[in-house]
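Here is the structure we will look at.
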Amino acid sequence: MKQLTVISGKGGTGKTSITAAFASLAKNAVLADCDVDAADLHLILKPDIKKTTGFHGLNIAHIDKDRCIDCKKCYESCKFDAIDEEINLIKESCEGCSVCEYVCPVDAITMEERDSGFAYISDTRFGPMAHAMLKTAEEASGKLVTVVRNNAKTLAEEKKKDLVIIDGPPGIGCPVIASLTGVDMVLIVTEPTLSAIHDLERILGVANHFGIPSVVCVNKYDINMDNTEKIEQYCKSNGVEVVGNLPYDTVVTNAMIHEQNVIEFSDGNFSDRIAEMWDKITERLIV
Ligand code: SF4
Ligand code: SF4
Numbered sequence: 023m024k025q026l027t028v029i030s031g032k033g034g035t036g037k038t039s040i041t042a043a044f045a046s047l048a049k050n051a052v053l054a055d056c057d058v059d060a061a062d063l064h065l066i067l068k069p070d071i072k073k074t075t076g077f078h079g080l081n082i083a084h085i086d087k088d089r090c091i092d093c094k095k096c097y098e099s100c101k102f103d104a105i106d107e108e109i110n111l112i113k114e115s116c117e118g119c120s121v122c123e124y125v126c127p128v129d130a131i132t133m134e135e136r137d138s139g140f141a142y143i144s145d146t147r148f149g150p151m152a153h154a155m156l157k158t159a160e161e162a163s164g165k166l167v168t169v170v171r172n173n174a175k176t177l178a179e180e181k182k183k184d185l186v187i188i189d190g191p192p193g194i195g196c197p198v199i200a201s202l203t204g205v206d207m208v209l210i211v212t213e214p215t216l217s218a219i220h221d222l223e224r225i226l227g228v229a230n231h232f233g234i235p236s237v238v239c240v241n242k243y244d245i246n247m248d249n250t251e252k253i254e255q256y257c258k259s260n261g262v263e264v265v266g267n268l269p270y271d272t273v274v275t276n277a278m279i280h281e282q283n284v285i286e287f288s289d290g291n292f293s294d295r296i297a298e299m300w301d302k303i304t305e306r307l308i309v
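The sequence shown maps to residues 23 to 309 in the working numbering.
Spelled out as structure tokens, the structure:
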């Protein structure tokens, strides 16, 4: 079983639209939405949820006011200002570091599991899907990405699927690393803007660090041909293949409005280009 992560240096590059289109083209795949902070693959794939499990991210402090002797040690020790002078916990600020529990002289503080979100296993019209929802203001999204990836892997094994397609989060932080480690290929979706070129360099650096083969797709390549050329040059000099250049096309938005992926919605030029890119990726993946 192979794993492909679709990723971008920042949000809004068309990464999820491309992943959703791949869902149509893949014949025997599991889909995994690892963009847990801003999950939106479900808007197109409309999963039918079959199993929900609670997710506990960071721990949270619990203060037993009956035991407390008001020594203020926890208040003075908390580096995240998560305890006020009246020794009340400010839940949103608690990072679960346990320092307050450690310093409390009367064991008035205990650490508890925090309900941070949910992980789902679903069916879609393209096959099984693992996804998740992180509650507002919750962190530990890297940990939740790992849960989604493990669920996707288990699904692939159970249902004898030969590919897991992962919609990764934007950026280069912990959730991105969690969505990249151990995969067989990364597709980096970029745009011809100067900031996107910078983001591409950073994300390629992360993929190289983990020894993961990368390929690149330039989305909306025709909005700035000079920058597209710069990306192609950069990729060439770094031995990275540009597997697809996708034009700016309103068909992407129209497909989304109809809650379809672009392959379902249209058999025009844009869909043809995605299909060509998919062929190149699968040729490289399945060797
Ligand atoms: S667990 Fe850490 S962050 Fe939370 S209240 Fe205690 S000291 Fe502060
Ligand atoms: S350290 Fe313990 S006893 Fe002291 S103020 Fe905090 S909760 Fe109360």
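Where a beta carbon is used, it is the ideal one built from N, C-alpha and C, also for glycine.
To the nearest angstrom, report how far apart residue i and residue j are at their CA atoms.
i: Ala-152; j: Arg-171; result: 8 Å
i: Ala-130; j: Tyr-97; result: 13 Å
i: Leu-47; j: Gly-290; result: 15 Å
i: Ser-39; j: Val-169; result: 23 Å
i: Asn-347; j: Thr-212; result: The shown model of the chain, from 23 to 309, leaves out residue 347, and the question about it has no answer.
i: Glu-223; j: Ile-245; result: 20 Å
i: Val-274; j: Asn-283; result: 8 Å
i: Ile-296; j: Thr-74; result: 33 Å
i: Val-264; j: Ser-217; result: 18 Å
i: Cys-90; j: Ser-115; result: 21 Å
Beta carbon of residue i: closer than 8 Å to some heavy atom of ligand 2?
i: Ala-130; result: yes
i: Cys-116; result: no
i: Asp-106; result: no
i: Asp-92; result: yes
i: Ile-296; result: no
i: Cys-126; result: yes
Quick check on this structure: which residue in the options has the alpha carbon closest to the alpha carbon of residue i?
i: Glu-134; options: Asp-70, Ser-144, Pro-127 and Leu-111; result: Leu-111
i: Asp-55; options: Glu-117, Gly-164 and Lys-182; result: Gly-164
i: Asp-86; options: Ile-253, Val-128, Ala-60 and Asp-106; result: Val-128
i: Ile-109; options: Leu-156, Ala-83, Phe-148 and Met-155; result: Ala-83
i: Lys-113; options: Phe-140, Gly-195, Leu-80 and Ile-187; result: Leu-80
i: His-231; options: Ile-219, Pro-214, Val-237 and Ile-199; result: Ile-199
i: Ala-193; options: Val-208, Val-58, Ser-30 and Phe-44; result: Note that residue 193 is Gly in the sequence shown, not Ala. Considering only alpha carbons, the answer is Ser-30.
i: Asp-103; options: Val-265, Asp-92 and Gly-118; result: Gly-118
i: Lys-302; options: Ile-253, Gly-233 and Met-207; result: Met-207
Quick check: is any heavy atom of ligand 1 less than 8 Å from the C-beta of residue i?
i: Val-228; result: no
i: Asn-110; result: no
i: Lys-101; result: yes
i: Cys-96; result: yes
i: Ile-82; result: yes
i: Ser-138; result: no
i: Cys-257; result: no
i: Glu-135; result: no
i: Val-169; result: no
Once DSSP output is grouped into helix, strand and coil, what is the label at residue i?
i: Lys-72; result: strand
i: His-153; result: strand
i: Asp-244; result: helix
i: Ser-144; result: strand
i: Gly-164; result: helix
i: Gly-266; result: strand
i: Arg-136; result: strand
i: Asp-50; result: Looking at the sequence itself, residue 50 is Asn, so the reference to Asp does not match. Coil at Asn-50, not helix or strand.
i: Ala-83; result: strand
i: Val-58; result: coil
i: Phe-102; result: coil
How would you write the range of the alpha helix (DSSP H) that residue i sits in, first residue to last?
i: Asn-291; result: 291-307
So residue i is in the beta strand (DSSP E); what residue range does that whole segment cover?
i: Tyr-256; result: From DSSP, Tyr-256 is part of no beta strand (DSSP E) but of the alpha helix (DSSP H) over 247-259.
i: Cys-239; result: 236-241
i: Lys-24; result: 24-29
i: Ile-91; result: Element bounds for Ile-91: n/a, residue is neither H nor E.
i: Val-351; result: Nothing can be reported for residue 351: it is not among the residues displayed for the chain, which extend from 23 to 309.
i: Val-186; result: 185-189
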